[in-house]
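Residue numbering for the sequence shown follows our numbering, starting at 11 and increasing by one per position.
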Amino acid sequence: MSTHARKPWTANQRAILEAMRDGEPQWAERLYQQLEMPRRNSVSQAFAWFLRNGYLTQDRSEDGYVVLGANRTDRKHVLTDKGREAANNLDAGYELLDH
11 MSTHARKPWT ANQRAILEAM RDGEPQWAER LYQQLEMPRR NSVSQAFAWF LRNGYLTQDR
71 SEDGYVVLGA NRTDRKHVLT DKGREAANNL DAGYELLDH
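Have a look at this one:
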């Protein structure tokens, strides 16, 4: 019989939640560079999952977009209450499973 811990977040999800814990709006390009992720799409996919599951919302303020270059913008995102709770307690949800 072996026992192992199951983590509720992927490495990318966990890194993004940790980076967003301060409550400041973030966008995919910034986190991709800041977290040195292997693919830009890694952040976009995680953002999409967080949005679908209520952990993030799009910044709806007047300043909700950031200009990245000519004809290129990125949407800012902020944590919801659910997202802040998750970011402040990243180790919650670990379960010990017996095999």
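C-beta: ideal position from N, C-alpha, C; glycine also.
For the pair Ile26 and Ala56, the CB atoms are nearer than the 8 Å cut-off. Between the alpha carbons of Gln36 and Asn99 lies a gap of roughly 19 Å.
In terms of Cβ geometry, Tyr75 and Lys92 do not form a close pair [threshold 8 Å]. Given a length threshold of 3 residues, each whole run of the beta strand (DSSP E) inside the region 43-72 is given here in chain order: 66-68. Between Leu45 and Leu66, the beta carbon gap of about 16 Å keeps them out of contact (Cβ cut-off 8 Å).
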